[in-house]
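The block underneath contains the structure these notes are about, expressed in structure tokens.
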Amino acid sequence: METWTYKGHLVTQRNRQRDGRWLSSAKFRTKQGEMDLTAYPPNFEGYDSEAKAKEATARFVRDQIDKSRLANPQPFAFN
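Numbered per this note's numbering, the sequence shown spans residues 20 to 98.
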């Protein structure tokens, strides 16, 4: 298990091998709760290397944070 930070969010990433293939998942906590992410569909059999699994999940986490209001919070406006 590894931990790293991206744009102020602490990410915990777990890599595991199953039947010779590598899978990876990640969690990060926000004020709204905890997010669990995987970078592949449920029936995916895995990557051929740990490095590929780690990079795919890390890229997915970064994309999700970048696309969300978590990375670019908008000021609250009163109407």
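Yeah, the Cβ is synthetic: ideal placement off N, Cα and C, and Gly gets one too.
List the endpoints of the continuous beta strand (DSSP E) containing D85. Working through the sequence shown from its first residue, we reach residue 85 at position 66. Annotation for D85: no beta strand (DSSP E) segment contains it, though the alpha helix (DSSP H) segment containing it runs 69-86.
Out of D67, P61, G52, W41, which one is the CA nearest neighbour of L29? On the sequence shown, residue 29 is found 10 positions in, with the first residue counted as 1. Closest in C-alpha terms to L29, from the list D67, P61, G52, W41, comes G52.
Where does F47 sit, in a helix, a strand or coil, going by DSSP? Numbered from its first residue, the sequence shown carries residue 47 at position 28. Strand, per DSSP.
From E64, D55, R37, Q36, residue whose alpha carbon lies closest to that of A77: In the sequence shown, the residue the question calls residue 77 occupies position 58. For A77, the nearest C-alpha among the options comes from D55.
Check D55 in the structure and name its three-state DSSP category. Here residue 55 refers to the residue found at position 36 of the sequence shown. Strand at D55.
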